[in-house]
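Protein sequences, first through last, are from chains G and X. Its first residue numbered 4, the first sequence is counted upward by one per residue in the numbering used here. Its first residue numbered 303, the second sequence is counted upward by one per residue in the numbering used here. Working notes for the structure below.
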Amino acid sequence: MNEEKTAVLLLRESQNKPLDPHKMEELRGLAEAAGYRIVAQISQKRGRDYRYQIGRGKIEEAVALGPGKLIFYNPLSPGQVYNIRSEFPVAVIDRFNLILEIFASRACSREAKLQVELARLSYDAPQVRNALSLKKRGEQPGFRGSGAYEQSMYHDIRGRMAKIRAELQDVQSHGEDRRKRRREQGFDLVALAGYTNAGKSTLLNALTGSQVEAKDQPFTTLSPTTRALSISGRRMLLTDTVGFIDDLPHFLIKAFRSTLSEISEADLVLLVADMSDPPDLLRRKLAASHKALWDCDVRAPIVTVLNKCDRLDEQSSADKEESIRDLAPCPVLASASSGFGMSTLQDCIMQRLEPLREYEISLPNTSQGLSELSRLYETAELLSVKYGERLIVRLRGRQETVARAGLAGGQLL
Amino acid sequence: MQGRYEMVCAAVSLRVSPVFIEKVHEVRLLPRQAGSLDLNVIADFIADACLCLPGTIVAEPGDLYNLEIWRVKSILGREFKYPETIAERTAVELAHHISVAGRRMTVSEDNGIDQDENQQ
Chain G
4 MNEEKTAVLL LRESQNKPLD PHKMEELRGL AEAAGYRIVA QISQKRGRDY RYQIGRGKIE
64 EAVALGPGKL IFYNPLSPGQ VYNIRSEFPV AVIDRFNLIL EIFASRACSR EAKLQVELAR
124 LSYDAPQVRN ALSLKKRGEQ PGFRGSGAYE QSMYHDIRGR MAKIRAELQD VQSHGEDRRK
184 RRREQGFDLV ALAGYTNAGK STLLNALTGS QVEAKDQPFT TLSPTTRALS ISGRRMLLTD
244 TVGFIDDLPH FLIKAFRSTL SEISEADLVL LVADMSDPPD LLRRKLAASH KALWDCDVRA
304 PIVTVLNKCD RLDEQSSADK EESIRDLAPC PVLASASSGF GMSTLQDCIM QRLEPLREYE
364 ISLPNTSQGL SELSRLYETA ELLSVKYGER LIVRLRGRQE TVARAGLAGG QLL
Chain X
303 MQGRYEMVCA AVSLRVSPVF IEKVHEVRLL PRQAGSLDLN VIADFIADAC LCLPGTIVAE
363 PGDLYNLEIW RVKSILGREF KYPETIAERT AVELAHHISV AGRRMTVSED NGIDQDENQQ
């Protein structure tokens, strides 16, 4: 029988900052996505407590409610976890571990599982090293040693991390090959990026007519999902990616590098934001998305899509647009669930993608040349073909497609 | 250098869109020495480097001791923000590269002068 998971959420805010209600809301959303029933939400304005992160009284208040777990918004040090666990009969995690818990429960592919394990080990490694150094403090030559098994634990973790990194490198190179092949086939690569629960999967479904799983909860999508799309005869592949979130440690982004490479290597990035959020939250989420895109080293043009605009009236839409003008000067207003703004978005995608260039190539009039011509009919827009001693083909397409024709004896004129 | 801090501040005046740097108007490099470092020294240094340059000052949080924006604004007496967009981050990175190159130049120049003096 499945036991219900219950939790109390705790948030500490510094004294000189106003209390941000969105932080607690976000934590609640994450906890619910992980399957917890929230018993209570406790917040406190005070300086950091080095022993418990939050005031001892607040922890006693939370424990009195009898939850299965205490979930902190603020990051907990190993010492703080130890102090709370040794003095109170309750399990305790912070926001980062909660996110990892969600990822671990949703990871289906081998790649996603490896990425989650790498993130977990990257988090654990310094803590294990710290625990070992504490253990070895009273060590003397010949006796009171911590033992070979415990000493090797840190090295085992490092070894496993290296193994996972090598495997992920392999996955990443497969991804690079796949992207190269897709470009040769004449596809433009468009990536959907944005803060978690912004409606990226719903937008993917609305644009491509597919049935990808889309829910009103954070981190529904973990592994990239790609669907084909054709706009005015131009073929493209739209990839839905894992959502961003604020204040994530850099090693988590590093662990998910192979997934995020779908964004960094795309020809165009659609940055999706939830327009129904309050202006300050929308601004914070857009800034966090920009930071994540910067970390991913994105060089492609970015189109900001303000999704869920059907939830607002015209005046408040205009006000919000004005409040984020420096972050998104010409956003596309859309509603993936009602289909509003889809044609504008498609026009915008066509405008922002690099225009296809015209090429004239000559192919040998042999069976190999004819088979290459047949491939070009599928992968590029053929403008004219002259049959003679050689085949003179005028086409409009991607550079990669034309380069591929060179392998079959084609010459650029 | 001889118990003093050798500093270089690079101020780059540019126009940005959220993703790209659109135009670089001016680059300014200001060297300075200080016996000790605190927020006032850094703030004065940044204010001097940005003197007469129009627009909002953007700097990394670490350069200003992670102070809240309203406090930095009141110290500098000018519009100020930490980088938010990709273009602002690129601009800060550009200024950082320029200042590092400038500092290397001043330090190597000083070393060269010292060597010449020793030879004489």
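We treat Cβ as the ideally placed atom computed from N, Cα and C, and that holds for glycine.
Closest residue to residue i among the options (Cα-Cα distance)
i                         : options                                : result
asparagine 310 of chain G : G/Arg302, G/Glu317, G/Leu285, G/Ser338 : G/Ser338
leucine 373 of chain G    : G/Ala290, G/Ala408, G/Phe254           : G/Ala408
glutamate 2 of chain G    : G/Ala331, G/Leu385, G/Ser341           : Beyond the ends of chain G as shown, which are 4 and 416, falls residue 2 of chain G; an answer cannot be given.
glutamine 44 of chain G   : G/Leu336, G/Leu73, G/Ser17             : G/Leu73
methionine 156 of chain G : G/Leu330, G/Ala128, G/Lys166, G/Ala110 : G/Ala128
leucine 366 of chain X    : X/Leu353, X/Asn342, X/Ala351           : X/Asn342
histidine 253 of chain G  : G/Glu29, G/Leu33, G/Phe99              : G/Phe99
alanine 165 of chain G    : G/Glu120, G/Arg182, G/Leu207, G/Pro358 : G/Glu120
aspartate 313 of chain G  : G/Leu330, G/Pro304, G/Ser292, G/Val335 : G/Val335
asparagine 77 of chain G  : G/Thr369, G/Leu14, G/Arg163            : G/Leu14
leucine 396 of chain X    : X/Ala361, X/Gln335, X/Lys383, X/Leu339 : X/Ala361
cysteine 311 of chain X   : X/Leu339, X/Ile348, X/Gln304, X/Asn368 : X/Ile348
alanine 303 of chain G    : G/Cys333, G/Ser267, G/Ala290           : G/Ser267
leucine 348 of chain G    : G/Lys8, G/Leu79, G/Val193, G/Ala321    : G/Val193
leucine 135 of chain G    : G/Asn368, G/Gln154, G/Ser125           : G/Gln154
cysteine 299 of chain G   : G/Leu255, G/Pro332, G/Asp23            : G/Leu255
glutamate 16 of chain G   : G/Ala37, G/Lys48, G/His25              : G/Lys48
glycine 357 of chain X    : X/Ser338, X/Glu381, X/Gln335           : X/Glu381
Residue i, buried or exposed, once every other Cβ within 10 Å from all chains shown has been counted against 16
i                            : result
isoleucine 96 of chain G     : buried
lysine 294 of chain G        : buried
aspartate 159 of chain G     : exposed
glutamate 381 of chain G     : exposed
serine 176 of chain G        : exposed
isoleucine 57 of chain G     : buried
alanine 67 of chain G        : exposed
glutamine 422 of chain X     : Residue confidence is low: glutamine 422 of chain X scores 45 on pLDDT, short of 50, so the model does not pin down where it sits. No coordinate-derived value is stated.
threonine 242 of chain G     : buried
valine 308 of chain G        : buried
asparagine 420 of chain X    : With a pLDDT of 49 at asparagine 420 of chain X, under the threshold of 50, the predicted position of this residue should be treated as unreliable, and no value is reported.
glutamate 317 of chain G     : exposed
alanine 2 of chain G         : Since the displayed chain G opens at 4 and closes at 416, residue 2 of chain G lies outside it and no answer follows.
glutamine 83 of chain G      : buried
phenylalanine 322 of chain X : exposed
glutamate 386 of chain X     : buried
cysteine 111 of chain G      : exposed
glycine 379 of chain X       : exposed
glycine 413 of chain G       : buried
valine 326 of chain X        : exposed
alanine 217 of chain G       : buried
aspartate 418 of chain X     : Interpretation of aspartate 418 of chain X is limited by its pLDDT of 49, a score under 50 that renders its predicted location unreliable; no figure is taken from the coordinates.
proline 92 of chain G        : exposed
methionine 4 of chain G      : Below a pLDDT of 50, predicted positions are generally treated as unreliable, and methionine 4 of chain G, at 45, falls in that range; the measurement from the model is reported next regardless. Burial call: exposed.
alanine 403 of chain X       : exposed
arginine 88 of chain G       : exposed
asparagine 19 of chain G     : exposed
glycine 60 of chain G        : exposed
serine 401 of chain X        : buried
lysine 389 of chain G        : exposed
8 angstroms contact criterion, which residue i and residue j should meet: CB distance rounded
i                         : j                            : result
leucine 195 of chain G    : threonine 244 of chain G     : 6 angstroms
alanine 122 of chain G    : leucine 103 of chain G       : 6 angstroms
arginine 405 of chain X   : glutamate 308 of chain X     : 7 angstroms
leucine 416 of chain G    : serine 365 of chain G        : 6 angstroms
leucine 240 of chain G    : phenylalanine 190 of chain G : 5 angstroms
tyrosine 198 of chain G   : lysine 257 of chain G        : Not really, about 20 angstroms apart at Cβ, beyond 8 angstroms.
methionine 353 of chain G : arginine 237 of chain G      : 7 angstroms
aspartate 249 of chain G  : alanine 209 of chain G       : Contact flag wrong, Cβ pair sits at about 26 angstroms.
arginine 399 of chain G   : leucine 359 of chain G       : 5 angstroms
leucine 376 of chain G    : valine 396 of chain G        : 7 angstroms
arginine 31 of chain G    : glutamate 7 of chain G       : 16 angstroms between Cβ atoms; not a contact.
alanine 345 of chain X    : leucine 332 of chain X       : That belief does not hold up - the Cβ atoms of alanine 345 of chain X and leucine 332 of chain X are roughly 14 angstroms apart, past 8 angstroms.
Legend entry - Near-chain G residues of the region 367-388 of chain X - C-beta to any C-beta below 8 angstroms: Correct list: Glu370, Glu386, Thr387, Ile388.
Legend entry - Stretch pair the region 316-336 of chain G + the region 276-283 of chain G: three plus CB contacts closer than 8 angstroms: In this structure the region 316-336 of chain G touches the region 276-283 of chain G; the number of beta carbon pairs closer than 8 angstroms is three or more.
Legend entry - Cβ contact (3+ pairs, closer than 8 angstroms) linking the region 216-224 of chain G and the region 199-206 of chain G: Output reads yes: the region 199-206 of chain G touches the region 216-224 of chain G.
Legend entry - the region 375-390 of chain X in contact with the region 306-325 of chain X per 3-pair CB rule at 8 angstroms: In short, these stretches touch, since the Cβ pair count reaches three.
Inset, instruction - Give a yes or no on contact between the region 41-60 of chain G and the region 109-128 of chain G, applying the rule of three or more CB pairs nearer than 8 angstroms. - result: The region 41-60 of chain G makes no contact with the region 109-128 of chain G; the number of CB pairs closer than 8 angstroms stays below 3.
Inset, instruction - Name, going along the chain, the residues of the region 317-345 of chain X whose beta-carbon falls closer than 7 angstroms to a beta-carbon of chain G. - result: Contacts with chain G (Cβ-Cβ distance below 7 angstroms) from the region 317-345 of chain X involve Ser319, Pro320, Val321, listed in chain order.
Inset, instruction - Decide yes or no for the touch test of the region 272-280 of chain G against the region 369-384 of chain X: beta carbon pairs closer than 8 angstroms, at least 3 of them. - result: No, because fewer than three Cβ pairs between the region 272-280 of chain G and the region 369-384 of chain X fall closer than 8 angstroms, the two stretches do not touch.
Inset, instruction - Give a yes or no on contact between the region 245-265 of chain G and the region 167-183 of chain G, applying the rule of three or more CB pairs nearer than 8 angstroms. - result: Note that the region 245-265 of chain G touches the region 167-183 of chain G; at least 3 beta-carbon pairs, one per stretch, sit closer than 8 angstroms.
Legend entry - Contact list for the region 389-408 of chain X against chain G, Cβ threshold 7 angstroms: The region 389-408 of chain X vs chain G, Cβ under 7 angstroms: Arg391.
Inset, instruction - Could you please tell me which residues of the region 284-295 of chain G, in chain order, have their CB closer than 7 angstroms to any CB of chain X? - result: Listed by position, the residues of the region 284-295 of chain G near chain X (Cβ gap below 7 angstroms) are Ala290, His293.
Legend entry - Interface positions of the region 326-354 of chain G facing chain X (Cβ-Cβ less than 9 angstroms), listed along the chain: Result list: Asp329, Leu330, Ala331, Pro332.
Inset, instruction - Quick one: which residues of the region 19-37 of chain G get their C-beta closer than 9 angstroms to a C-beta of chain X? List them in chain order. - result: For the region 19-37 of chain G, the set of positions with a beta-carbon nearer than 9 angstroms to some beta-carbon of chain X reads Asn19, Lys20 in chain order.
Legend entry - Residues from the region 242-264 of chain G in contact with chain X, defined by Cβ distance under 9 angstroms: Within the region 242-264 of chain G, no residue qualifies.
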